[in-house]
Structures are given as structure tokens and as C-alpha cells.
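Number of protein chains: 2
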Amino acid sequence: MSSDAPVMVLVAPQMGENIGAAARAMWNFGLDRMRVVAPRDGWPNERAVALASGAGRLLDDAQLYDGAGEAVADLDYVFATTARQRGLTKPIVSPERAMEQARALIASGQKVGILFGAERAGLENVDIARANAIISVPVNPEFPSLNLAQCVLLTSYEWQRQTADIEPETMEMVKTRFANGLEREKLGDHFEQRLQEAGFFYPVDKGPHMKQSLRNMWGRLPLTLADVQIMHGMLRQFARWKEGSNRTDEPK
Amino acid sequence: MSSDAPVMVLVAPQMGENIGAAARAMWNFGLDRMRVVAPRDGWPNERAVALASGAGRLLDDAQLYDGAGEAVADLDYVFATTARQRGLTKPIVSPERAMEQARALIASGQKVGILFGAERAGLENVDIARANAIISVPVNPEFPSLNLAQCVLLTSYEWQRQTADIEPETMEMVKTRFANGLEREKLGDHFEQRLQEAGFFYPVDKGPHMKQSLRNMWGRLPLTLADVQIMHGMLRQFARWKEGSNRTDEPK
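Chains as they are written, first to last, in the working numbering: chain L, 1 to 252; chain Z, 1001 to 1252.
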């Protein structure tokens, strides 16, 4: 499914748990191509598998390398993630800009990878030197504390955010739809009629303005058909209440 | 520094570690206003403090509440984060769209909050009903496994990503503002009380569901303070109508 997504390359990861958490982070956003370079505790890693749970397939399919150079040998464009300035002349981009570039590169048939360093020290300069550009997550300069899996998570999220065709906004509509103009109009009529009976439009000379304000409200609010029906029900019930009739023996 | 950022509201968090990790996630992106509702293990929480390390100040400054209703009472617009469909009619937005909206709302002087649920179960429907909209992170449907701190991290990242360089929008509000959480809650109370008196919640066993549907509606509709006031006025007038009292000689 994600054969045209970036390859995530973990360089010298230490704790298996973090490798597993990185796999989960990737798979949350549909990325499934992991490479692992010289993991401290060997490979396969039981603790990584234990933590990856439903993302275990990524570890089964992960490619193992002795060095970062080999791991990126077939890649056309490589980003290195780092939190610190490294004194290397290299473009530094945000995750957003990096994934824009990755998307364009991949669309033109190139293979893109992202290097992530070891938990504490991050990538070594020798590995960063292999990269075409640096990704720097714009964290709070007073508190730059992202861990490996979080960095993988944010990068994967950015890839998915930019490539997925996601509706900016949907509405969960439970057995309903938005009320149409006629339904809103009739609701407005019903309110106006009941409120008139109830003496709401007072003083009389303010009535027209009050009515217009109400119509404007019914026009503006995103009412569903269910909302409209429940409001009709309320109005009917207030009228029954006024009349003193009892609903306990009526059908609902 | 982030007095104009969204407030992050953790509802019924269980493990202190996760509260600490959420604080770190926030502070990584410069957000520092946390509210905690009914934490399982009490407050303050040593394990939260231990895990927060450099973000401990957020925990010191966090506000503690007994219920989610109180925690959102002063907020003008509330997002609820949830992974599952909830059977509530409510707008569902991506983190990206949500933080666009948050930015526009905050730029126009409003207070915005984001609700995060407990680790396993997430938010309860009664809390989601209080929200204006739902944030749904577009995770891989085959593997939706974000934890609390990751959800806080992605939301905080989106806030920071967008506030770096996007122009704020504003909204035209004619002599009014949106109703805040407390004002919506009180409107819901007033409706519930009058409708109860009027015998609306019938049959009795459907009452709780009907009440939740109504609360959800008041949470979802973009009511202004003027809307809320006019609705209180309607309810008072229906009660006067029932009692047979005449308003012609009362001050409006």
C-alpha cells in the first residue's frame, strides 16, 4: 500500500521498545517500510516485537544493515532528522516542507528515505553528511525533548497529512441530515405561532424585530432534521402543558 | 507565552506517567495550559511529575476539576478528541482543520479548549456532548493505536505548525459573542427543567437518551450569547403562559 512512501531508517537504535514504538508510529499513518542499521541488541529483537503489537509485520519485513551508508545506497534523496545544529552546510527544512519535497520527489519516480538517530545522541555527523537535507522539528527551543518514536510519529503524520485525501471536515450524522429551507421555515412558523400565543413578543412594537432575530437564528444554526423534529416536539409539549393535558396515555 | 493557545483538558486520566508525557508533549510545542479532570490517582501525582521532567511547571500550574462540565465552563469553543464514531450528531474535523478554527476563534478573542479522554476508553459520550466539534486524527483504519500523549503531541504540533506563519481569520459578530461552556450548560439545565415539568421526557425509560441528545445539540450548535438569552426568555415565557400570568404589565 505504501510502496511509494518514504523509507524510515533507524540508525543504531538502542532499546527494542523504541524500535517497536517507531513501527507503531509509522503504521498509524500507513507507512510500512522500515530499515534498521546496527541495532544495539541485535536482530530480530523480542522487545521490539512485543511493543509493536499490531505493527509487528513492519519488523518482520524490515531490512537490516550494518551501516547507514549501505542503508541509503539505493535511495535517491535522503533526509536526516536532528534536533541540534551540526555545523554542516546543509538545507534545514521543517517536517512539513520535507514531506512536500518527498511527495514531489516520489511522484517523479525517486526513492526517498528519512534517517533517525539513536535515542540519546541522535545521528552522528558522518551519517548526517550522507543526507541531502536536514529535517528539524520546530520544537520549543526551551524544551526540545522529542524521543525517537515521537519524531517518527510526527514525520509519518506529516506524510499522511499531505498525501491522504482527507476531508477537512465531515459530520457524523446519526440517522439524520441537515434540515432544508422549508423545514427551517416551518420550524420558524411554529415557534412564532406558539410564542405569539404565549405572549412572548412584547412590547408589541418590538415584535417585528424580535421575530426577525429569531428567523435569523433559525437560518444561521446548522440544525439537523432531528433537531427540528425535537424542537417541534418541545413546542407541542409546551402547548399540552398549558392546556393541562397529560401525555402518559398518549402514544409517543 | 501561550496565553492565547488552546487549553488542553485531560479527562479522567489514569496513569501519572501519561499525564507527565502529555505535559512534555505540550511543552515541546510551547503549549502550557493544562486542566486535569478527576485524575484516577489523585493530585498532585508524583509519577506525573517524575515523567514530566522539564515540563513540570505545566503540572504545577495545571487546574484541577471534579467534572468536565466545570472544566469547560469558561471556554467559548471546545473540541473533543475521539478515535471512534460515537453516534452523536457533531462536526468531525481533522487536527489540521481544528487548529485552523482554533486559531481563528482565539484571534477573535475567544477561549478554546481540547478534551482528551482516559487512556483506554477515551471520552464518555456525556463529555463529548459538551463539545462543539470532534477532532479525529486520520490514522490508518487498520491500526488506530494512538495513545494519550501522542494525541496531545499531534494536536500541539498542529497548533504550532499553523501559528508559525498563517494569517489569522476573524469573524463578524454583531454586538454579541459565542456562548461559553457555562452559558450552554445553564441553557441545557433550563431546557431540561422546563421540559421535565412539561412532561416532555416520555416514555420515562427514554428520558436519559432524550436528555443526552438535547445536551449534544446545545453543545454542537454555534449559539451566541444573544441566542442563549432569547431561548431563556422563551422558556420563561412558556412557564408564564402555563401559569396564566399576563406579561402586558411587566417590564420587559
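Even for Gly, the Cβ is constructed at its ideal location relative to N, Cα and C.
Exercise for the section: Tell me residue 122 of chain L's beta-bridge partners as DSSP assigns them. Expected result: BP columns for residue 122 of chain L point to L/118.
Practice task
Go through the region 143 to 210 of chain L residue by residue and report every complete run of the alpha helix (DSSP H) that reaches 4 residues or more, in order.
Solution key: 148 to 163, 181 to 197
Practice task
Show which residues of chain Z have a CB atom less than 8 Å away from the CB atom of residue 14 of chain L.
Solution key: Those do not exist, as residue 14 of chain L stays about 19 Å from chain Z at its closest Cβ, beyond 8 Å.
Practice task
Determine contact between the region 1001 to 1016 of chain Z and the region 1103 to 1121 of chain Z, defined as no fewer than three beta-carbon pairs at a distance below 8 Å.
Solution key: Contact between the region 1001 to 1016 of chain Z and the region 1103 to 1121 of chain Z is present: three or more C-beta pairs spanning the two stretches fall below 8 Å.
Exercise for the section: List the residues that DSSP assigns as beta-bridge partners of residue 81 of chain L. Expected result: L/135
Handout entry: Cβ distance (whole Å) where residue 1071 of chain Z is taken to contact residue 1037 of chain Z below 8 Å
Key = 5 Å
Problem - Limits of the unbroken beta strand (DSSP E) element including residue 1014 of chain Z - result: Where residue 1014 of chain Z is concerned, there is no enclosing beta strand (DSSP E), given that its DSSP letter is neither H nor E.
Problem - Sheet register partners of residue 1007 of chain Z (DSSP bridge) - result: Z/1113
Practice task
In the DSSP assignment, find the alpha helix (DSSP H) that holds residue 236 of chain L and state where it starts and stops.
Solution key: 225 to 243
Practice task
Would you kindly check if the distance between the Cβ of residue 174 of chain L and the Cβ of residue 151 of chain L is under 8 Å?
Solution key: no
Handout entry: Assigned exposure category for residue 53 of chain L - 16 Cβ within 10 Å defines buried
Key = exposed
Handout entry: Sequence-distant residues of its chain with Cβ nearer than 7 Å to residue 1163 of chain Z (five each side left out)
Key = Closer than 7 Å at Cβ, skipping near neighbours: 1103.
Practice task
Would you mind working out which of Z/1097, Z/1066, Z/1212 sits nearest residue 1087 of chain Z, comparing C-alpha positions?
Solution key: Z/1212
Exercise for the section: Report yes or no: is there a C-beta of chain L within less than 8 Å of the C-beta of residue 1186 of chain Z? Expected result: no
Practice task
Please work out which residues of its chain come closer than 6 Å, Cβ to Cβ, to residue 1237 of chain Z, disregarding the five sequence neighbours upstream and downstream, and give them in chain order.
Solution key: none
Exercise for the section: Spell out whether any CB of chain L is found under 8 Å from the CB atom of residue 1130 of chain Z. Expected result: no
Handout entry: chain Z within 8 Å of residue 230 of chain L, Cβ atoms only
Key = yes
Practice task
Measuring only between beta-carbons, confirm whether residue 109 of chain L sits less than 8 Å from chain Z.
Solution key: no
Handout entry: Secondary structure of residue 1221 of chain Z, DSSP reduced to three states
Key = coil
Practice task
Since I believe residue 51 of chain L is in contact with residue 17 of chain L (beta carbons under 8 Å), could you give me their beta-carbon distance rounded to a whole number of angstroms?
Solution key: That pair is a contact at about 5 Å.
Problem - Which listed residue (Z/1160, Z/1084, Z/1220, Z/1026) has its alpha carbon closest to that of residue 987 of chain Z - result: An answer regarding residue 987 of chain Z cannot be provided, because it is not within the stretch 1001 to 1252 covered by chain Z.
Practice task
Pair every Cβ in the region 1200 to 1209 of chain Z with every Cβ in the region 1119 to 1133 of chain Z, then say whether three or more of these pairs are closer than 8 Å.
Solution key: no
Problem - For residue 35 of chain L, the first and last residue of its enclosing beta strand (DSSP E) - result: 34 to 37
Practice task
With 8 Å as the threshold, decide whether the Cβ of residue 99 of chain L is near any Cβ in chain Z.
Solution key: no
Exercise for the section: Could you tell me whether the Cβ atoms of residue 14 of chain L and residue 35 of chain L are closer together than 8 Å? Expected result: no
Handout entry: Through-space distance from residue 140 of chain L to residue 1028 of chain Z, alpha-carbon basis
Key = 5 Å
Problem - Proximal residues, the region 1150 to 1164 of chain Z versus chain L, C-beta separation under 8 Å - result: 1150, 1153, 1154, 1157, 1160, 1161, 1164
Exercise for the section: Apply the 10 Å Cβ neighbour rule to residue 182 of chain L and answer buried if 16 or more other Cβ atoms are within range, or exposed otherwise. Expected result: exposed
Handout entry: Residue-level contact to chain Z via CB, residue 24 of chain L, 8 Å cutoff
Key = yes
Problem - Cβ neighbours of residue 176 of chain L in the same chain (closer than 6 Å, five flanking residues each side left out) - result: 224, 225, 226
Exercise for the section: Could you check what DSSP says for residue 1064 of chain Z in three-state terms: helix, strand or coil? Expected result: strand
Exercise for the section: Using the Cα positions of residue 1166 of chain Z and residue 1106 of chain Z, report the straight-line distance between them to the nearest angstrom. Expected result: Low confidence applies here, because residue 1166 of chain Z scores a pLDDT of 37, under 50, leaving its location unreliable; read the following figure in that light. Cα to Cα, residue 1166 of chain Z sits roughly 13 Å from residue 1106 of chain Z.
Problem - Cβ-heavy atom distance, residue 1007 of chain Z to the ligand SAM, below 7 Å - result: The model on display carries no ligand, and the ligand SAM is accordingly not part of it.
Handout entry: Of the residues Z/1044, Z/1198, Z/1145, Z/1143, the one placed nearest residue 1241 of chain Z, counting alpha carbons only
Key = Z/1198
Problem - Neighbour flag for residue 1140 of chain Z against chain L, beta carbons, 8 Å - result: yes
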